[in-house]
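Visitor:
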Amino acid sequence: MNKKETNMEENKIGFIDKYYKIILILIFLAGILIRSYLYICNQSLWLDEASLAINVVNEPYKNLFEGLKLLQACPPGFTVFAKFLIDIVHTQNLYIRDLILRFIPFSSGILSIFAFFYLVKLVFNHNKKAVLTATTFFTLTPAAIIYSVQFKQYSLELFIATILLIIFYKMLILNKNKKYYSVIIAIAPWFSYSSFFIIFAGLIALFFLNKKKFLFTFFLFIISSLAYYFISLKSVFELNYSGMDAYWSMAYSFLEISHPTRLFYRIGDLFTMYKIPALITGIICSFTLLYYLVSKEHKYLEKIIFVLPVIFTIFASIFHKYPFCCRLILFLLPLLILTITDYKIKGAVVLKTVIALIIAVSMISYKPDAKEYCYAYGRYSVEYVKQHIKQNETIILDDMRAEYVLYLKNYNKDNIVVLPISCLFINIEKCSALVKALPRGHYYFLSSSYYAKEIAEEAGLKPIELDLGFKPKKCKAVYFEKN
């Protein structure tokens, strides 16, 4: 580094030292405000959220420990607490109910920011530039934002992963230990399936460091895990494993040696929905992670707790035990950002700038799993239909109907016709034929995809979009008369 570059670096450090607290507050505010805005917007639950919500709203507490219906798998700690909140508030207002359902992901998303900030302060030993860089990346990463306002467990799993990393870092690197650390480690899987990957890595490191600490922590973990298996996991595996394996295989969410770039794309999905930027981001993350692993700068215990969970997840995916897709690997985000931030040699500024630009651009339009059935406004459609439907009119649903069933609870089922297939793009002709075969009458067609209008028109009908008080981006609900 020449004299000019040295002076520039010193000026940057001086600026950071002077405005560190202000910058940090702005980062926190940005993360909180973005998440709060999306939370208050509270869009209608889409298919996957609604499927989980149907279980939470309709099933007794006991059933939430077992395999869930509608091909859902979720740690009982999440579902039980969500149901508990629903029971406490006990509202009939669907907007408020959705807010309550999303409260755990939302609060987990906010808490994750502060937990990660605490972690990076430990790891980077109060290196203010590194702390600000890592915290900014984490706070503004699109996937971390989006899943903090979706009724799924992934935001909670991100928070728990960060807490576990803090605990293991303190136990292994800072040689600090509290007995409640072992208790938290033992109960974490009840709230997070993905916690197993971090716990296994941490226990391996603990075994090499201190056998006594390892035995105590391992004993509590095994007792808790055995109880967890017989109370919950055994039933989940028996009911949902084969179906989940088939679904995730169809969604190309298992890693394969014959498709090596899939690893990069799936990692990149955390940061952007665009294919080429995702590939670039995935390559950068993988490179910095590998560099961290081979670097002589770090202790082997650090490498175990910060790299081994990623390796475990990759192998679990290759053997079809754990899907490697955006929401299910969200818990790896702290590890990826830590290793990106830690990378300091030639080209580091360029790589970090590329990541920052991709995140900035993607924040504007990021939509994880941007598929036709992910756009939802079922809450508004159902409220409209309930207010306007007449006795001789019928509701049509298709096979992927969870987003409507959730809001149609306690509605007269005799007034509903269910098509035996999902009306996705590939089934437009089949759905049109089924609609065409319906008897004469007046119908509200609430579709799982945004081809409701096209399907009705293909059947020779004149569909009318519902007047919901706003113009939906895509048409999923129409009214038509069949003479």
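Quick note on the numbering used here: the sequence shown kicks off at 7 and runs consecutively.
We put the CB at the ideal spot given by N, CA and C, even for glycine.
To the nearest angstrom, report how far apart Y234 and L162 are at their CA atoms.
Guide: Their backbone Cα atoms lie some 18 Å apart in a straight line.
Visitor: Please go through the same chain and pick out, in chain order, the residues whose beta-carbon is closer than 8 Å to the beta-carbon of L53, but skip the five residues on each side of it.
Guide: Y379, C380, A382, M406, A408, E409, S454.
Visitor: Ignore the nearest five residues each way along the sequence and tell me which others in M7's own chain have a CB closer than 6 Å to its CB.
Guide: Per-residue confidence for M7 stands at a pLDDT of 46, beneath the threshold of 50, marking its modelled position as unreliable; the derived number appears in the next sentence. Once the five neighbours on either side are set aside, M7 has no close Cβ partner at all.
Visitor: Would Y160 and R333 qualify as a contact pair, given that the criterion is a beta-carbon distance under 8 Å?
Guide: Yes, Cβ-Cβ distance for Y160 and R333 is below 8 Å.
Visitor: Based on Cα-Cα distance, which residue from I40, R41, S50, K89 lies nearest to N64?
Guide: Ranking I40, R41, S50, K89 by Cα distance to N64 puts K89 first.
Visitor: Are the CB atoms of T141 and L276 within a distance shorter than 8 Å?
Guide: In this structure, T141 does not lie closer than 8 Å to L276 by Cβ.
Visitor: Distance, Cα to Cα, L452 vs I263?
Guide: So the two alpha carbons sit approximately 41 Å from each other.
Visitor: Compare the Cα-Cα distances from Y67 to each of D93, Y45, A79 and report the closest residue.
Guide: Of D93, Y45, A79, the residue nearest in Cα terms is D93.
Visitor: With C-beta atoms as the reference, is L128 less than 8 Å away from A207?
Guide: Contact flag unset, no.
Visitor: Quick one: using the 10 Å Cβ neighbour count with 16 as the cut-off for buried, is R446 buried or exposed?
Guide: Exposed is the call here.
Visitor: Would you check if the distance between the CB atom of I204 and the CB atom of A167 is smaller than 8 Å?
Guide: Going by C-beta atoms, I204 is nearer than 8 Å to A167.
Visitor: Going straight from the alpha carbon of K27 to that of Y175, what length do you get?
Guide: Each residue's alpha carbon lies about 25 Å from the other.
Visitor: What does the alpha-carbon distance come out to for the pair Y349 and F325?
Guide: About 31 Å.
Visitor: Identify which residue in T278, N99, L357 has its Cα closest to the Cα of V367.
Guide: Per the Cα distances, T278.
Visitor: Would you please state the rounded distance, in angstroms, between the beta carbons of I282 and F270? I believe it to be under 8 Å.
Guide: Contact flag wrong, Cβ pair sits at about 11 Å.
Visitor: Hey, how far is the Cα of L117 from the Cα of L226?
Guide: Looking at the two C-alpha atoms, the distance is approximately 26 Å.
Visitor: What does the Cβ neighbour count give for T97, buried or exposed, with the cut at 16 atoms within 10 Å?
Guide: That one is exposed.
Visitor: L209 and F220: beta carbons closer than 8 Å?
Guide: Result yes, Cβ atoms of L209 and F220 sit closer than 8 Å.
Visitor: Could one say the Cβ of Y253 lies closer than 8 Å to chain C's Cβ atoms, at least one of them?
Guide: Given the protein chain composition of this structure (a single chain), no chain C is represented.
Visitor: Based on DSSP bridge pairs, tell me the residues matched to E487.
Guide: Bridge partners of E487: H448.
Visitor: Would the segment 285-303 count as touching the segment 343-358 if we require 3 or more Cβ pairs under 8 Å?
Guide: Short answer: they touch.
Visitor: Between E487, V423, K482, which has its C-alpha nearest F467's C-alpha?
Guide: Here residue 467 turns out to be Leu, not Phe, going by the sequence shown. Selected option, being the one with the closest Cα: E487.
Visitor: Quick check: L138 and P340, are their CB atoms within less than 8 Å of each other?
Guide: Result no, Cβ atoms of L138 and P340 do not sit closer than 8 Å.
Visitor: Does the separation of the CB atoms of I401 and I422 fall below 8 Å?
Guide: Yes, Cβ-Cβ distance for I401 and I422 is below 8 Å.
Visitor: According to DSSP, is T139 helix, strand or coil?
Guide: If DSSP states are grouped into helix, strand and coil, T139 belongs with the helices.
Visitor: Quick one: using the 10 Å Cβ neighbour count with 16 as the cut-off for buried, is L403 buried or exposed?
Guide: The residue in question, L403, is buried, as its Cβ has 16 or more Cβ neighbours within 10 Å.
Visitor: Just the C-alpha distance for Y253 and C331, rounded to the nearest angstrom, thanks.
Guide: For Y253 and C331, the distance between alpha carbons rounds to 12 Å.
Visitor: Assess, as a yes-or-no matter, whether the segment 66-82 is touched by the segment 234-250 under the definition of 3 or more beta carbon pairs within less than 8 Å.
Guide: Flag = yes, the segment 234-250 and the segment 66-82 touch.
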